[in-house]
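Trainee:
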Amino acid sequence: MTDTSARKTEMKTAMGKGGTSALMAGVAGFGLGMMVSAGRKAAAQAATFAAGDWFEGLKAEHQVARGLLEKLAATREEDMAKRAALVFELQHAMGKHQVQEEYVVYCVVAAHGQADVAESLNADHFEVKQGLYELEMIGKEKRPGFLEKVAAIRTAFESHVREEEDEVFPALQVMLTDAEKTALTNRMNREGFKVA
Ligand SMILES: [Fe+2]
Ligand SMILES: [Fe+2]
Numbered sequence: 006m007t008d009t010s011a012r013k014t015e016m017k018t019a020m021g022k023g024g025t026s027a028l029m030a031g032v033a034g035f036g037l038g039m040m041v042s043a044g045r046k047a048a049a050q051a052a053t054f055a056a057g058d059w060f061e062g063l064k065a066e067h068q069v070a071r072g073l074l075e076k077l078a079a080t081r082e083e084d085m086a087k088r089a090a091l092v093f094e095l096q097h098a099m100g101k102h103q104v105q106e107e108y109v110v111y112c113v114v115a116a117h118g119q120a121d122v123a124e125s126l127n128a129d130h131f132e133v134k135q136g137l138y139e140l141e142m143i144g145k146e147k148r149p150g151f152l153e154k155v156a157a158i159r160t161a162f163e164s165h166v167r168e169e170e171d172e173v174f175p176a177l178q179v180m181l182t183d184a185e186k187t188a189l190t191n192r193m194n195r196e197g198f199k200v201a
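To convert a position in the sequence shown, counted from 1, into the working numbering, add 5.
#1: State whether the segment 188-197 contacts the segment 53-70, with contact taken as three or more CB pairs (one from each stretch) at a distance under 8 angstroms.
#2: State the Cα-Cα distance for the pair His58 and Glu170, rounded to the nearest angstrom.
#3: Please report the straight-line C-alpha distance between Gly62 and Glu146, rounded to a whole angstrom.
#4: Would you identify the three-state DSSP class for Gly100, choosing helix, strand or coil?
#5: Measure the C-alpha to C-alpha separation of Ala176 and Val122 and round it to an integer number of angstroms.
#6: Counting along the chain, where does the alpha helix (DSSP H) carrying Gln119 start and finish?
#7: Can you give me the Cβ contacts of Val114 inside the same chain, cut-off strictly under 7 angstroms, excluding the 5 residues immediately before and after it?
#8: Below 8 angstroms CB to CB, which residues in the same chain sit around Gly144 once its five sequence neighbours on both sides are set aside?
#9: Does ligand 1 have a heavy atom nearer than 7 angstroms to the CB of His117?
#10: If I follow the unbroken alpha helix (DSSP H) through Leu152, where does it start and stop?
#11: Which residues mark the beginning and the end of the alpha helix (DSSP H) in which Asp183 is found?
This is the structure:
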């Protein structure tokens with residue numbers, strides 16, 4: 006008997022001796038995990054969905070990110086664990102927000118003749134991601150400059166949000182029909198759910 010066929014025989018024997026039920030339990034466990042995960046994701050997306058349409062949902066998320074940045078700005082050197090937890094939370098919130106905008110909203114902005122605007126907003130997102138990464142490293146390595154980095158991220162974030170809320174998104178909203186608004190809202194929430 007070759008090594009390969011010997012292993013196959015061992016596997017068949019193991020399956021016969023409860024291997025199948027162990028495998029089934031594993032699959033069931035995975036299914037349960039998926040359900041728990043879906044429930045958690047639904048809860049995470051609920052606030053955005055409940056805010057109303059796509060624009061209101063994004064505004065609500067801007068407010069959440071703003072609140073986390075305010076909390077970070079109020080931390081002190083000795084609050085290392087709190088800083089790390091807030092940076093983690095902000096990366097998750099900002100990540101989901103950016104995915105919704107980049108994969109859906111900015112694509113619609115570009116499709117309505119504003120590809121350059123969409124590209125520039127997209128570039129702003131990288132600036133925020135990079136800032137959060139640097140913030141995480143400053144915190145981990147206990148380097149000075151944590152609050153200065155928070156302030157820089159806040160400035161970049163606020164300027165980006167002003168452009169979205171005051172200019173780009175209202176302009177897009179008036180170009181959309183009611184059916185298009187609903188479709189955009191649903192599509193955006195679906196994308197957010199994926200990464201919630
Ligand atoms: Fe954005
Ligand atoms: Fe935004």
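Even for Gly, the Cβ is constructed at its ideal location relative to N, Cα and C.
Quantities reported herein were computed from a predicted structural model and do not represent experimental measurements.
Mentor: From the atom records:
#1: yes
#2: It should be noted that the sequence gives Asp, not His, for residue 58. Looking at the two C-alpha atoms, the distance is approximately 14 angstroms.
#3: Here the alpha carbons of Glu146 and Gly62 stand approximately 35 angstroms from one another.
#4: helix
#5: 12 angstroms
#6: Looking at the DSSP string, Gln119 is not in any alpha helix (DSSP H), and its letter there is neither H nor E.
#7: Val122, Ala123, Val173 and Leu177
#8: Met85, Arg88, Ala89, Val92 and Phe151
#9: no
#10: Phe151 to Arg167
#11: Asp183 to Val200
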